[in-house]
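Residue numbers (our numbering), protein chains in the order written: chain Y, 609 to 871; chain F, -7 to 328; chain Z, 133 to 426. Glycine included, every Cβ here is placed at the ideal spot set by N, Cα and C. This structure is a prediction, so every number in the text was calculated from the model and none was measured. Heads up, the thing below is written out as structure tokens.
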Amino acid sequence: MTLHDATTNPLLVATNVVKDYPSVKVLKGVNLSVAEGDSFAVIGPNGAGKTTLFKVLTGEVFADRGTVRFEGDDVTRMPEWKRVRLGFGRSFQVARVFKELTTQENVVIAIEAHERNTGRRPARRLACRPSPDVREAVEQTLLEVGLIDKRDEPARLLSHGDKKRLELAMSLALQPRILMLDEPTAGMSPADRRAATELIAAIRARHRMTIVLTEHDMEVVFGLASRVAVLHQGAVIATGTPAEVRDDAMVREIYLGSELIHA
Amino acid sequence: MMSQASNSTWKRDAAIAAIILVVLVSLPFVTSKGIVFIAGTLALHVVFGLSWNLMFGQTGLVSFGHASFFAIGGYAFAWAAKIAPGIHPLLLFAGAGLFGSLVALIVGILALRRSIGVYFAILTLALSQIVYLLLSYIPALGREDGFTGIRRPRLSLGFTTIDLASGNNYYYFMIAMCTLLAVGLWWVMHGRMGRVFKSIQQDAERAAFLGIDVQAYRLRSFAIASGTTAIAGALYAPWLQLLTPEIAHWTFSARPILYTLLGGVQSFWGPVVGAVVFAVLEYGTRTLHGLSEIIIGSILLVVVLAFPGGLLGGLSRLRKRMNRKTIVTARPEIVR
Amino acid sequence: MLALFLGPLFNGLFTAMVVFLFATGLTLVFGILRILNFAHGGFFMIGAYLAFSLVKTFASDTSTIAYILISIVAGIVVGLCGLVVERLVFRPLQHVDEAYSLIATYALLLISEGAVKAIWGVSFHSIMTPAALGGALIAGDLVMPVFAIFIIGLGVLCYSLLEWILQHTATGKLMKSVASDPWMAGMLGVNVPRFYAWIVVIGFFLAGLAGGLLLPNQTLSPNLASVFVVQAFGVLIVGGMGNIRGTFLASILLCVIDSYGSVIFSEVPGVFFYVAMAAMLLMRPQGLIAGARL
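Written out as structure tokens, the structure reads:
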């Protein structure tokens, strides 16, 4: 299970990240290091700062102090779209797709964005229609996430689970080095949750990408994560394999003690 | 399939455009000079509205200063044609457009930096007031009296020269140019760039997480729309042969907004329908002092309150409802 | 010397209070209903025309008292128009996109312009300043018209009154709470729709009142509706999205800058208002008084 050995390089490193909002200190010096190939879960009770940490890592907001490095480069103050071009992919807690466009158009936009991000010129620049390569890639992506039958449906009519899939498809279209999933199974039924977990695991295996996720559901965490960081009151109190974290005395006391034992 | 869908859109829109063009081209043969003049002006207003909707309907930018670019194009053309009469008129039209885009770029770099929504609207409104006031103060541009004596140029095309001042030549030239501009806008909206614009209009943050430089694309949308409008303004100058600062006034900036919302935001043809309906209303009520505004205002109000999707939006909703009825009535047969 | 340095300040304050008096009702409606009301200018104009007709009919020798009473009557009539507008237009607009409510109020502006043209015609009208407010105070070489001083005083009075109501009365607290969270206010038993109706009526009353009070300063023509709207939008936004204090400060700031700018660059009077407005928005997009509702 563990992919974390001496030969892998840290891909994403946060050092002493501090983020305050006007009335509250949310992150009080967070340190974490995600290695290439990790499936890294950030867990913690509500209000621990998971979402804010996520935003700081993806570039939605900037850290007040501390640094975020990606492959050794300082990206602390880099806007999100530039980080995406370096290889970040991201999904949102509540799936965000382009609601008034069809499923297919959503993916077309993502794939064409990827084409631009990687500096490739489209085959036929003047044509309105997406190029054959793009259409081929759209087909592939829709097949992979199982939305090929719903390609012409407006995204707003998709079910909650399908919206999540579509969002995943859009993130995949970018072929990210690191995929950031903010509560990928939030609000799903247990069956959908299992299916989503399997889909993410399959995608991870096939594309060999690094994954960072926040999650509430322990089943999902233990099903997907190779490493876990526990965030408590704005600081990381433990990092390790799921088993190590489970056995950590402090974690048991503060957090898992109340949730996992009952789970 | 998307390919089929976009193919049929293309064919349908081309057919509609062809019908409109046939009507416009035949107008001088069947109606009075007054109507032809209105139709020519209407063609410019259509471009004015379409380009505004590129920003609003496609990219989600509400500009309240679109008229200032119409005026900038018009005045730039008139001034350049006066001081350098030797330059080819097509170059002048293109130059006026580029100048409009350039102004939009400079304004946009500042205005789009972080302020969006109502701030962009108010900033563009401030810009339009500045342009309006400057136009009415600068002596070389004719101050409040306006820029007079703008001539319709002679158009040399290499193999032949057309005198745009004679007969209906300038009208036909304008129709051709407006068609070109409208086709250009259609192409932008339906192509790769249009897809990026649409994604920004729907969820700018999501678009940014696809690696799209949102600000750069908003800037592009603003510059393209402003440049197109500047060319329409430049075409307007020799058409009327007179420019007054009124065309930079904010009440004129409200026009494309009215056209778009009246006709419908979602459809390419929305601003066209809006402009035509507006022109008809204006023409029909032109002799009624005060009543003209009351009627136009009331109709606008009714459309906004009763059909928030504009006339075309209301139409498509109606069609959907009728379709649903057919499906419902058809269902028993399928079951059997 | 005084005129050189203080003259623009005085003139700036005068225009600032004219703009502020115009913008108070606008700010109130925007602050609470979030509707940017183009028609405010139209109803301001209707107030001015009404006051004009009343003056012509009842008070040939305009005394100050008659002028103020007539302005109040004009305000009340316009306020009643507000009641109708709220019912027929604003209420249905509550759940519609911002752009559409903007266009609806623009339509109202057109209608009010048309109504003025139909009722009063397109020719220009004006009235004399009431005798007691005529003349000027002179300090050194600085000439200060009494009417301008009166308007400055009126602006400050109006601001102080509104600020006092907002900060120190139960009504004011209610207004602020509805402005910041109408849903919660509704939960707590406030009849929000009726409250909105009252706000619109008061906003329109202020428009009509301002129309009457500023009448001696104005030449009446159907263009009057669109004269102040853009400036008022400017101070509203620069002030910070609909709070009275911000609108008041922004009026002073922008008008005084404009006044000095117009003296220094006399070829382009009036431009500096908008330059300052754009600069302020770029430097402080959240507005002078950020975050405060009303």
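Given that residue i touches chain Z, what residues does it touch there, using C-beta distances under 7 Å?
i, result
"Y129/F", "E399 and V400"
"T243/F", "S358"
"L117/F", "V362 and F365"
Determine the chain Z residues that contact residue i at a beta-carbon separation under 9 Å, and present them in chain order.
i, result
"Q121/F", "V362, Q363, G366, G402, V403, F405, Y406 and M409"
Could you check what DSSP says for residue i in three-state terms: helix, strand or coil?
i, result
"F678/Y", "strand"
"K308/Z", "helix"
"V400/Z", "coil"
"P792/Y", "coil"
"I819/Y", "strand"
"H227/Z", "coil"
"R247/F", "helix"
"A410/Z", "helix"
"D628/Y", "strand"
"K772/Y", "helix"
"D800/Y", "helix"
"F648/Y", "strand"
"T623/Y", "strand"
"G214/Z", "helix"
"H241/F", "coil"
"N45/F", "helix"
"R685/Y", "coil"
Determine the chain F residues that contact residue i at a beta-carbon separation under 8 Å, and present them in chain order.
i, result
"L240/Z", "G289 and L293"
"G144/Z", "Simply none; closest approach about 17 Å."
"P792/Y", "Chain F residues near P792/Y: none, gap ~15 Å exceeds 8 Å."
"P653/Y", "Ordered by position in chain F, no residue passes the 8 Å Cβ test against P653/Y, which lies about 27 Å from the chain."
"I369/Z", "V110, Y111 and I114"
"L338/Z", "Neighbours of L338/Z on chain F: none; closest Cβ ~21 Å, over 8 Å."
Which residues in chain Y sit within 7 Å of residue i, going by Cβ to Cβ distance?
i, result
"H182/F", "C736"
"S191/F", "F706 and I717"
Of the choices the options, whose alpha-carbon is the least far from that of residue i?
i, options, result
"D273/Z", "F137/Z, L414/Z, A422/Z and M412/Z", "F137/Z"
"I251/Z", "I270/Z, L215/Z, F184/Z and G374/Z", "F184/Z"
"T252/F", "P300/F, E285/F, F85/F and F151/F", "P300/F"
"V187/Z", "L345/Z, V228/Z, L381/Z and G335/Z", "L345/Z"
"S699/Y", "L635/Y, P740/Y, M778/Y and L661/Y", "M778/Y"
"S353/Z", "L160/Z, F256/Z and I376/Z", "F256/Z"
"H824/Y", "P653/Y, L709/Y and L635/Y", "P653/Y"
"H815/Y", "P618/Y, T749/Y and V669/Y", "T749/Y"
"V175/F", "W261/F, I288/F, G289/F and G92/F", "W261/F"
"F214/F", "T33/F, H80/F and T116/F", "T116/F"
"A70/F", "V54/F, A88/F, G57/F and I291/F", "A88/F"
"A342/Z", "G207/Z, D313/Z and G139/Z", "G207/Z"
Examine the ligand MG and report whether any of its heavy atoms sits within less than 7 Å of the Cβ of residue i.
i, result
"L286/Z", "The model depicted lacks the ligand MG and carries no ligand whatsoever."
Whose Cβ in chain Z lies nearer than 8 Å to the Cβ of residue i?
i, result
"Y251/F", "In chain order: nothing, as chain Z lies at least about 11 Å away."
"P300/F", "V228, D229 and Y232"
"L126/F", "V400 and V403"
"L332/F", "The structure shown does not extend to residue 332/F, since chain F is modelled only from -7 to 328, so the question has no answer here."
If you drop the 5 nearest sequence neighbours on each side, which residues of the same chain put their C-beta closer than 7 Å to that of residue i?
i, result
"T196/Z", "P262, A264 and L265"
"G186/F", "Q50 and V180"
"L368/Z", "A155, L158, T159, F162, G374 and T379"
"T675/Y", "T623, D682 and T684"
"S43/F", "L177, A217, T220 and T221"
"Q258/F", "G49, G301 and G305"
Taking 6 Å as the limit between beta carbons, can you name the residues of its chain near residue i, skipping five residues before and five after?
i, result
"A703/Y", "K771, K772 and E775"
"L640/Y", "A622, A837 and V844"
Applying a beta-carbon distance threshold of less than 8 Å, which residues of chain Y neighbour residue i?
i, result
"R198/F", "F700, R704, V705 and F706"
In chain order, what residues of the same chain have a beta carbon less than 8 Å from the beta carbon of residue i, not counting five sequence neighbours either side?
i, result
"Y124/F", "S60, A63, P237, A240, H241 and W242"
"L134/Z", "A271, G272, D273 and L274"
"E274/F", "S284 and I288"
Determine the chain F residues that contact residue i at a beta-carbon separation under 9 Å, and present them in chain order.
i, result
"N639/Y", "None at all; the shortest Cβ gap to chain F is about 25 Å."
Taking a cut of 9 Å between CB atoms, which residues from the segment 273 to 293 of chain F lie near chain Z?
L280, H281, G282, L283, S284, E285, I286, I287, I288, G289, S290, I291, L292 and L293
**Report entry** Under 8 Å (Cβ pairs) to chain F, residues found in the segment 705 to 720 of chain Y
**Finding:** V705, F706, K707, E708, L709, T710, Q712, E713, V716, I717, A718 and E720
Report task. Return the residues of the segment 674 to 699 of chain Y that lie within a Cβ-Cβ distance of less than 7 Å from chain F, sorted by chain order. Result -> E688, W689, V692, R693 and R698
Next item on the list: Taking only beta carbons into account, state which residues of the segment 763 to 785 of chain Y come closer than 7 Å to chain F, listed in chain order.
Entry: M778 and L782
### Task
Please list the residues of the segment 214 to 246 of chain Z that have a C-beta atom closer than 9 Å to any C-beta atom in chain F, keeping them in chain order.
L220, V221, P224, L225, V228, D229, E230, A231, Y232, S233, L234, I235, A236, Y238, A239, L240, L241, L242, I243, S244, E245 and G246
Self-check item: Near-chain Z residues of the segment 45 to 69 of chain F - C-beta to any C-beta below 8 Å
Solution: Residues F48 and V54.
Item to complete: Anything in the segment 133 to 147 of chain F with a Cβ closer than 7 Å to a Cβ of chain Y? List those residues in chain order, please.
Response: Within the segment 133 to 147 of chain F, no residue has its Cβ closer than 7 Å to any Cβ of chain Y.
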